[in-house]
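Numbering (the numbering used here), first residue to last: 17 to 248. In what follows, a structure is listed as structure tokens, so that the remarks can point back to it.
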Amino acid sequence: MGLVNKRVASCAEAIADLRDGATVMVGGFGSAGLPDGLIAAVLAHGARDLTVISNNAGYDGEGVASLIEAGRMRKLVCSYPLTAGATAFRDAYRRGEVELELVAQGTLVERIRCAGAGLGGFYCPITAGTILAQGKDTREINGVLHVLELPLHADFALIRGRHADRLGNLDYHLAGRNFNPIMATAARVVVAEVEAMVEAGAMNPEQIVTPGIFVHRVVTANACKQQAGSQP
Numbered sequence: 017m018g019l020v021n022k023r024v025a026s027c028a029e030a031i032a033d034l035r036d037g038a039t040v041m042v043g044g045f046g047s048a049g050l051p052d053g054l055i056a057a058v059l060a061h062g063a064r065d066l067t068v069i070s071n072n073a074g075y076d077g078e079g080v081a082s083l084i085e086a087g088r089m090r091k092l093v094c095s096y097p098l099t100a101g102a103t104a105f106r107d108a109y110r111r112g113e114v115e116l117e118l119v120a121q122g123t124l125v126e127r128i129r130c131a132g133a134g135l136g137g138f139y140c141p142i143t144a145g146t147i148l149a150q151g152k153d154t155r156e157i158n159g160v161l162h163v164l165e166l167p168l169h170a171d172f173a174l175i176r177g178r179h180a181d182r183l184g185n186l187d188y189h190l191a192g193r194n195f196n197p198i199m200a201t202a203a204r205v206v207v208a209e210v211e212a213m214v215e216a217g218a219m220n221p222e223q224i225v226t227p228g229i230f231v232h233r234v235v236t237a238n239a240c241k242q243q244a245g246s247q248p
């Protein structure tokens, strides 16, 4: 039986089976922990009509915003669609080119966690009595109105880690440990872009944040940069 080796040679190979209409989670909080190489590979791949789940809509010319600018996104599920100085989402939304599902940040991460845990959702009071609760099941719990929030699943999760081994075990650098670990539990295919690969067994088990069982493919950021530099 061969050794488990989840490392792939390029970002293009890592997302080669991405299809039009897919739902894609993108990790990161602003620019912290953002899988830039994988996003660039999605642009080069050409997949369209994507539903993207992300904390925010990104900054013009980079990250999630680049997918909006290229017309690849059908719908955005996020907490912060309007970023200071960024116009990509605002302009596309006003033109009717992209849909928005606005989700409070704590609710967003809990909906993702529910998907990873195999739960059917949870009741939350945050949006009760607002337009964000329209069409959703509500229930009074301990005298407080709650809204049923359903889990968020994805076809792909594109995340950014610091170190990985060939088994797919991951750790993160400071604020890079944001949405990335929880998104790694909630997608059919999880692809991690990392700063460096280490030997299996080299990572302290107490410092592994995302166990390799959740990760399907690992690619180094340097490999993504080399590939981007070789494109005409």
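Every residue gets a Cβ at the ideal spot worked out from N, C-alpha and C, and that includes glycine.
Contact with chain B by residue i, beta-carbon distance below 9 Å
i	result
Ala86	As a matter of chain content, chain B is missing from the structure shown, which is built from one protein chain.
Residue closest to residue i, alpha-carbon to alpha-carbon, out of the options
i	options	result
Lys22	Asn220, Ala216, Ala56, Ala202	Ala216
Val160	Pro141, Leu166, Thr146	Pro141
Cys27	Cys130, Ala60, Ala102	Ala60
Leu168	Ile128, Gly46, Glu156, Ala191	Ile128
Leu98	Asp181, Arg90, Val80, Arg176	Val80
Arg182	Thr236, Ala63, Leu118, Gly137	Thr236
Met213	Asp171, Lys241, Val234, Gly87	Val234
Under the three-state DSSP convention, the category residue i falls into
i	result
Met199	helix
Met17	The predicted position of Met17 is uncertain, since its pLDDT is 40 and thus under 50; a value taken from the coordinates is nonetheless stated next. In this structure, Met17 counts as coil in the three-state DSSP scheme.
Ala216	coil
Gly177	strand
Leu186	strand
For residue i, the residue or residues it bridges with in DSSP
i	result
Asp171	DSSP lists no partner for Asp171.
Val24	The partner list for Val24 (beta bridge, DSSP) is empty, contrary to what the question assumes.
Gly208	Gly is not the amino acid found at residue 208; the sequence shown has Ala there. According to DSSP, Ala208 bridges with Ile175, Val234.
Run of the beta strand (DSSP E) containing residue i, from where it starts to where it stops
i	result
Arg233	233 to 236
Residue i, enclosing alpha helix (DSSP H) - first and last residue
i	result
Ala30	27 to 30
>> My parser needs the alpha helix (DSSP H) runs of 4 or more residues fully inside the stretch 32 to 73; what are they?
In response: 52 to 61
>> Ignoring anything shorter than 4 residues, give me the alpha helix (DSSP H) runs that lie fully in the stretch 72 to 159, in order along the chain.
In response: 79 to 85, 104 to 110, 121 to 133
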